[in-house]
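Colleague: Line by line, the protein sequences give chains S and P. The first sequence runs 214 to 414 under the working numbering. The second sequence runs 214 to 414 under the working numbering.
2 protein chains.
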Amino acid sequence: MEILPESIKKLINILSYFPSIGPRQATRLAFYLINKGQNEIIGLIKNLEALNKIKICNFCFFPHENQNELCDICQNTERNKSIIMIIEKETDLLSLEKANQFNGRYLIIGEISKKGILEEWQKLRLQNLKSFIQRELNGKAEEIILAFNPDSIGNFTSSIIEKEIRDFSKKITRLARGLPTGGEIEFADDETLKSAIQNRV
Amino acid sequence: MEILPESIKKLINILSYFPSIGPRQATRLAFYLINKGQNEIIGLIKNLEALNKIKICNFCFFPHENQNELCDICQNTERNKSIIMIIEKETDLLSLEKANQFNGRYLIIGEISKKGILEEWQKLRLQNLKSFIQRELNGKAEEIILAFNPDSIGNFTSSIIEKEIRDFSKKITRLARGLPTGGEIEFADDETLKSAIQNRV
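(1) Could you give the first and the last residue of the continuous alpha helix (DSSP H) run that contains residue 310 of chain S?
(2) Which residue wins for smallest C-alpha separation from residue 357 of chain S, given the options S/365, S/346, S/367, S/364?
(3) From which residue to which residue does the alpha helix (DSSP H) around residue 342 of chain S run?
(4) To the nearest angstrom, how far is the alpha carbon of residue 371 of chain P from that of residue 318 of chain P?
(5) For chain S, is any of its Cβ atoms less than 8 Å away from the one on residue 381 of chain P?
(6) Given a cut-off of 8 Å on the beta-carbon distance, is the pair residue 355 of chain S and residue 296 of chain S in contact?
(7) Just by C-beta distance, which residues in the region 282-307 of chain S are closer than 9 Å to chain P?
(8) Rounded to a whole number of angstroms, what is the C-alpha to C-alpha distance between residue 292 of chain S and residue 286 of chain S?
(9) Mind checking which residues open and close the alpha helix (DSSP H) that includes residue 225 of chain S?
(10) Among P/330, P/311, P/306, P/315, which residue has its Cα nearest to the Cα of residue 321 of chain P?
(11) Run down chain P in chain order and give the residues with a C-beta less than 7 Å from the C-beta of residue 231 of chain S.
(12) Who are residue 236 of chain S's beta bridge partners in DSSP?
(13) So which residues on chain P does residue 256 of chain S lean against when the C-beta distance must stay under 8 Å?
(14) Quick check: residue 339 of chain S and residue 378 of chain S, are their CB atoms within less than 8 Å of each other?
(15) I want to verify the contact list: residues of chain S whose CB lies under 8 Å from the CB of residue 265 of chain P, in sequence order.
(16) Check the Cβ of residue 238 of chain S against every Cβ in chain P and list those closer than 7 Å, keeping chain order.
(17) How is residue 413 of chain S classed by DSSP in three states: helix, strand or coil?
(18) Please report how far the alpha carbon of residue 397 of chain S lies from the alpha carbon of residue 413 of chain S, in whole angstroms.
(19) Among P/219, P/393, P/268, which one has its Cα closest to the Cα of residue 279 of chain S?
(20) Per DSSP, which residues does residue 264 of chain P bridge with? Please list them.
(21) Between the region 260-269 of chain P and the region 246-254 of chain S, can you find at least three pairs of beta-carbon atoms closer than 8 Å?
(22) Could you please give the first and the last residue of the uninterrupted alpha helix (DSSP H) stretch that includes residue 291 of chain S?
(23) Have a look at residue 407 of chain S and residue 294 of chain S and give me their C-alpha separation to the nearest angstrom.
(24) What's the gap between the Cα of residue 409 of chain S and the Cα of residue 388 of chain S?
(25) How many Å lie between residue 393 of chain P and residue 368 of chain P at the Cα?
(26) By the criterion of Cβ-Cβ separation under 7 Å, what are the contact partners of residue 276 of chain S in chain P?
(27) Could you give the C-beta distance for residue 260 of chain S and residue 223 of chain P, rounded to a whole number, given that I count them as a contact under 8 Å?
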């Protein structure tokens, strides 16, 4: 790609590191921006600059722009701070909130490595939670929900975290497994059917 | 998504207009950037700012950073300026150049609408080509190659352009149709097999 100007090459390089964007899509995105013209690029730059107002919540690690150190969910006194759902990522929080069935707090543990093992900064987030439970909940949360993806990595991570926090909660639960709404029994995999039968209600 | 800070919401909105990026991937990209931290964001901003050096080639409309008004290909005197390949987009040019089989110039006509009809600015690009042919090639190019995607829109666009430029070139050609290398005869569609038989060499 010798004919590409340096600035475009560099932009393609940055974009190709974005999640689920390969070099080919990165190239397409770069040309899209160039063809949109300088005004569109300046608009995007302004938007990126505005991100410097973003803070990360001291409790759950979701981004916010509030004056204090807590996000909208964690500073909402109508939410039950003694029920905590531990999740992997911000987009999981958005989906779970949309379901409108949970009135506790979250803890975002951050992207889980392929091995399912927690990194140092992720252990610090758990440590942060334990300190909170000791300080504000007299050492025991009502319930901690481990809400990880229903796959082997998610299971493994849940087990690791469960061991870590066992003494800090009266109850530790996981999200239910079963048939997804709209799914078909005929095409469900064995594991899903097993859960659906075992956990029938 | 009421819990999302304004600056993130706006960024997601901009990103979701990027080609083949929907709202869901735009959300993931925004959180990726935020999690990467302020340094990464500033790096991206600097890169976007560097794009203001980009100029668009006066002849082929490919971006460049040269002092004069022509891109690297068009200012290369070793390339044959009397053979012109008309293509849809910049990424097509990159792919065609990689094949290393063409030593003429290109004209990027720009993304073709779903109807296959040329817009005003695209007609201006053709007009630009005609003026060049009259001025520098005594009114006739050696060959104009119409290199559009081998589908019905591409065919339709080729026919429209062919009518426009018929009097400006000694020869007008299209890219060959046939079996793609590595493809299997068993799974080739009828149209492809038809071309492969008719154009056998």
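A virtual CB, placed ideally from N, CA and C, is assigned to each residue, including glycine. These figures come from a predicted structure and were not determined experimentally.
Modeller: On the basis of the supplied data:
(1) 303-312
(2) S/346
(3) 333-349
(4) 18 Å
(5) no
(6) yes
(7) 284, 285, 286, 302, 303, 304, 306, 307
(8) 8 Å
(9) 219-228
(10) P/306
(11) 242, 245
(12) None; residue 236 of chain S has no bridge partner.
(13) 227
(14) yes
(15) 251, 254
(16) 233
(17) coil
(18) 16 Å
(19) P/219
(20) DSSP, once it has assigned bridges, lists no residue as partnering residue 264 of chain P.
(21) yes
(22) It is not in any alpha helix (DSSP H) - residue 291 of chain S carries neither H nor E in the DSSP assignment.
(23) 34 Å
(24) 13 Å
(25) 18 Å
(26) 218, 221, 247
(27) 5 Å
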